[in-house]
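Its first residue numbered 1, the sequence shown is counted upward by one per residue in the UniProt record's numbering.
Using N, Cα and C, we set each Cβ at its ideal position, and we do this for glycine too.
Given the structure is predicted, the values throughout are model-derived calculations rather than measurements.
What follows is a short report on a single structure.
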Amino acid sequence: MATPQQQQLLEVMGFLTDAQPQVRRIALASLLPYTTSDKSERQLFTREHYLEQIATMCADQELIAHDALSALINLTSSITVAARLAKIEGFITGLVRMIVDEKALLSDLATMLLSNMSKVEHVSMLLLGLRVPFIVRPEETVAETAAAEGEEGADPVPKKARVEEGVEEEVHALELLLEVFLRGEGKKYNPNANYDFLASVFANVSTIPLGRSFLLSTPSPELEPPLVKLISFTEHPSPIRRGGVASCIKNSAFQKASHARLVAPTNDAPSTPGSIDLLPQMLLPLCGEGDEEWDIELLDTLPADLQLLPPDKKREPDSAIRLILVETLVLLATTRQCRESMRARGVYEVIKRAHLAEKAPKVRSSF
1 MATPQQQQLL EVMGFLTDAQ PQVRRIALAS LLPYTTSDKS ERQLFTREHY
51 LEQIATMCAD QELIAHDALS ALINLTSSIT VAARLAKIEG FITGLVRMIV
101 DEKALLSDLA TMLLSNMSKV EHVSMLLLGL RVPFIVRPEE TVAETAAAEG
151 EEGADPVPKK ARVEEGVEEE VHALELLLEV FLRGEGKKYN PNANYDFLAS
201 VFANVSTIPL GRSFLLSTPS PELEPPLVKL ISFTEHPSPI RRGGVASCIK
251 NSAFQKASHA RLVAPTNDAP STPGSIDLLP QMLLPLCGEG DEEWDIELLD
301 TLPADLQLLP PDKKREPDSA IRLILVETLV LLATTRQCRE SMRARGVYEV
351 IKRAHLAEKA PKVRSSF
């Protein structure tokens, strides 16, 4: 039997479908505080069709949509709720379209919700096969767009869909999300969003074999695998970006058959199609104060990016991310070829110094 408080909330929930937007907005705003994990009343939202009603409100007026997305972000800390939302026809497609809309005001909230939902394996599988309507300018690449905006050094990310101006086609959702993640850093794609939580989406997707294949595969030898584009963010200012990308790298290392592609045999080894040398971007966050003073003999064995570190170089401040990076190195070391490459390239000296500087017991014990 419902308590008086619960009965009041159920009565308010009855107004979520009211014809008047003002009434819907007030009702949802009143309910939002009860969606957090510390509120016992949040179980009321799983009754009847209240979740589905709130999901519909994500496409409502801006203020209503904001609170609807916020409520669902809170509620999807429950895997059961996330799985139930995924069953709503067109809901995930709608989220992806909101995320990739360069003018959308609530894209970051949509990425947070998709991040929570993609923890459900079924949702990750759905994303791997999902195609969404999108208008693509002909022959556009990320590098061309970046050049037009005055940026330098951007790697090309060719779009898979080549369509005439103004024509809408079905495009692979994960490829769109990857492109938005790359272009959207620092609010360069959408002034209202930084897309950092997409790193968590890719991390969740990469926990399953097909997701790892997406990160490591390329349809053409001339193109770089998606993981190559992600690893540059291991030293990004955002801990969300850094952590998500570090998890993508670790999950990829579980694919033992790909280890030979993930670690170059030497520092000057020529790049081969499909190869991804993870070591420089994995080791940089583990380097810090004092690592700019390597012995001359050792210096030549290190990857080039580690040879001229500034004196103010800081180690990764987040112990959870440091742990992920160390665990990834351990995974790679399970393959003899990788062990030999890592030894030849000075990895063990870097790890030795990182271990001496490590203060977190859990990270220290993982070395």
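- In the three-state reduction of the DSSP assignment, Pro285 falls in the helix class.
- In this structure Ala104 is in contact with Asn190, their Cβ atoms being roughly 7 angstroms apart against a cut-off of 8 angstroms.
- Looking from the CA of Lys87, the closest CA among Thr56, Leu106, Asp60 and Glu169 belongs to Thr56.
- Secondary structure of Phe134 (DSSP, three-state): strand.
- Going by DSSP, Glu62 is part of the alpha helix (DSSP H) stretching over Glu62 to Leu75.
- In the DSSP assignment, Val171 falls within the beta strand (DSSP E) that extends over Glu168 to His172.
- Distances from the alpha-carbon of Val228 to those of Lys313, Ser217 and Gly129 put Ser217 closest.
- Taking the C-beta atoms as reference points, Leu128 is found no nearer than 8 angstroms to Leu178.
- A contact is defined here as three or more CB-CB pairs under 8 angstroms, and the stretch 188-208 fails this definition with respect to the stretch 274-288.
- In the three-state reduction of the DSSP assignment, Glu102 falls in the coil class.
- Note on geometry: alpha-carbon atoms of Leu283 and Val350 lie some 7 angstroms from one another.
- Taking every protein chain shown into account, the CB of Glu316 has 16 or more other CB atoms within 10 angstroms, so this residue is buried.
- When the Cα atoms are used, Arg261 and Glu102 turn out to be separated by approximately 35 angstroms.
- Taking a 10 Å sphere around the C-beta of Glu358, we find 16 or more other C-beta atoms and assign the residue as buried.
- The three-state secondary structure of Arg336, taken from DSSP, is helix.
- Taking 4 residues as the minimum length, the alpha helix (DSSP H) runs contained wholly in the stretch 201-272 are 209-216, 226-230, 239-253 and 259-262, in order along the chain.
- A residue is called buried once 16 or more other Cβ atoms fall within 10 Å of its Cβ, and Gln281 is buried on that count.
- His49 carries a coil assignment under DSSP once its states are collapsed to helix, strand and coil.
- In the structure shown, Pro4 falls within a helical segment according to DSSP collapsed to helix, strand and coil.
- In the DSSP assignment, Gln20 falls outside any alpha helix (DSSP H) and carries neither an H nor an E.
- Going by DSSP, Pro361 is part of the alpha helix (DSSP H) stretching over Pro361 to Arg364.
- Counting along the chain, Thr111 sits inside the alpha helix (DSSP H) bounded by residues Ser107 to Met117.
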